[in-house]
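Each residue of the sequence shown is one higher than the one before, counting from 2 in the numbering used here. Quick reminder that beta carbons are idealized off the backbone N, C-alpha and C, glycines included. Written below as structure tokens is the structure these notes are about.
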Amino acid sequence: MIIDGKLVSEKIRTEISKRVQKLQSQNIVPGLAVIIVGDNPASQSYVRSKQRTCEKLGMYSEQYDLDADVSESELLTLIEKLNNTEKLHGILVQLPLPKHIDESRVIEAIDPRKDVDCFHPLNVGKLTTGVEGFKPCTPAGIIELLAYYEIELEGKEAVVLGRSNIVGKPIALMLLEKNATVTICHSRTKNLETILKRADIIVAAIGKPHFLKADMVKEGAVIIDVGINRIETGLVGDVAFEPVQQKTSYITPVPGGVGPMTITMLMKNTLEACEKIAFDAK
Ligand code: NAP
Numbered sequence: 002m003i004i005d006g007k008l009v010s011e012k013i014r015t016e017i018s019k020r021v022q023k024l025q026s027q028n029i030v031p032g033l034a035v036i037i038v039g040d041n042p043a044s045q046s047y048v049r050s051k052q053r054t055c056e057k058l059g060m061y062s063e064q065y066d067l068d069a070d071v072s073e074s075e076l077l078t079l080i081e082k083l084n085n086t087e088k089l090h091g092i093l094v095q096l097p098l099p100k101h102i103d104e105s106r107v108i109e110a111i112d113p114r115k116d117v118d119c120f121h122p123l124n125v126g127k128l129t130t131g132v133e134g135f136k137p138c139t140p141a142g143i144i145e146l147l148a149y150y151e152i153e154l155e156g157k158e159a160v161v162l163g164r165s166n167i168v169g170k171p172i173a174l175m176l177l178e179k180n181a182t183v184t185i186c187h188s189r190t191k192n193l194e195t196i197l198k199r200a201d202i203i204v205a206a207i208g209k210p211h212f213l214k215a216d217m218v219k220e221g222a223v224i225i226d227v228g229i230n231r232i233e234t235g236l237v238g239d240v241a242f243e244p245v246q247q248k249t250s251y252i253t254p255v256p257g258g259v260g261p262m263t264i265t266m267l268m269k270n271t272l273e274a275c276e277k278i279a280f281d282a283k
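Listed below in structure tokens is the structure:
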């Protein structure tokens, strides 16, 4: 069965839209600021689609396009200003940043209450210790997809391919929170195929086109393909979709699987940041 990320995403967006309207009736509009440094075309395209989605859902958005040679202190000053801007509830700095800027310092400068990407160490700490708070967008989208299709996680063997701070590590924590038995694999993992073959659920997030082949997966496994790789024929995931699909019970396509969920979860985090800031202030 193909997991339809567009469908699930639309359903969640309808819910978000209703909650936004409710806030609007109290003269509150969720606001998101997106900062982009340099002119990476992929980042520009992500940022445009984030803004379009904000508009569609009735949210306010601001975009800051900074030159690639902007200084770290200028960027930090801007973040400080946005932290103190009442109509903004979410602040997102599009990564990666140019080499001369310390990414950690920038992330730590964002008010944790406005850290809708969930990259701030305080929010990562909450995620790690199971305290309620923001969930990072792509992993949160994966959990929503699994929940929508009622895919059981408790006691299952889950293998996460990739250990990035954005996808691999947080999705491993979130699967653990759902009582899966989780193994994280990376470029130095030995006997990768043996580990993959025992998995009930595989989350592939390595950025290598068609890396996961049919002979690496168990019959009936659930495959979540996070990869977005641009090759000559277009966008493909980290999974060799056609052959792997024959063996799986559920699989996400690329595009149309995890991708649409990421922006939707960003909108949800922005909405929830707004609700929290607005109602905590009352
Ligand atoms: P990343 O930071 O480049 O991390 C890649 C991870 O894959 C690393 O942990 C690396 O291991 C591991 N890896 C690389 N080659 C491997 C191999 N041959 N065997 C096992 N592990 C290997 O990537 P990311 O940011 O997590 O993104 C991964 C993919 O997901 C990319 O295609 C990205 O575009 C996509 N993505 C999609 C969404 C979405 O919304 N759908 C969101 C975020 C990312 P080491 O740590 O040992 O180097």
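Considering only their Cβ atoms, is the gap separating Glu151 from Asn13 smaller than 9 Å? Looking at the sequence shown, residue 13 is not Asn but Ile. By the CB criterion at 9 Å, Ile13 and Glu151 fall outside the cutoff.
When the distance is taken between beta carbons, is Pro210 closer than 9 Å to Lys7? When the beta-carbon positions are compared, Lys7 and Pro210 stay at least 9 Å from each other.
Would you mind stating whether Ala34 and Leu93 have Cβ atoms separated by less than 9 Å? Against a cut-off of 9 Å, the Cβ pair of Leu93 and Ala34 comes out as a contact.
Sequence-ordered residues whose beta carbon comes within less than 5 Å of a heavy atom of ligand 1: So the residues near ligand 1 by this Cβ test are Thr139, Gly163, Arg164, Ser165, Ile167, Val168, His187, Ser188, Ala206, Ile207, Gly208, Val227, Gly228, Ile229, Val259, Gly260 and Thr263.
Fully enclosed by the segment 69-141, which beta strand (DSSP E) runs are 3 residues long or longer? Fully contained in the segment 69-141 are the following beta strand (DSSP E) runs of length 3 or more, in chain order: 91-94.
With H, G and I counted as helix, E and B as strand and the rest as coil, what does DSSP make of Ile167? Coil at Ile167, not helix or strand.
DSSP puts Arg40 in a beta bridge; with which residues? Before going further, note that residue 40 is Asp rather than Arg in the sequence given. Paired residue(s): none; Asp40 is not in a bridge.
Which residues in the same chain have their Cβ closer than 7 Å to the Cβ of Thr265, if we skip the five residues on either side of it in sequence? Answer for Thr265: Ser10, Ile13, Arg14 and Gly142, listed in chain order.
Could you have a look at Asn230 and say whether DSSP puts it in helix, strand or coil? Three-state DSSP puts Asn230 in a strand.
Gly235 - partner residues in DSSP beta bridges: Note: Gly235 sits in a beta bridge opposite Ile232.
For the alpha helix (DSSP H) holding Ile203, just list the boundary residues, first then last. In the DSSP annotation of this structure, Ile203 is not part of any alpha helix (DSSP H); the continuous beta strand (DSSP E) holding it starts and ends at Ile202 to Ala205.
So Ile29 and Cys275 are supposed to be a Cβ contact under 8 Å. How far apart are they, rounded? For Ile29 against Cys275, the beta-carbon gap comes to about 7 Å, under 8 Å, which counts as contact.
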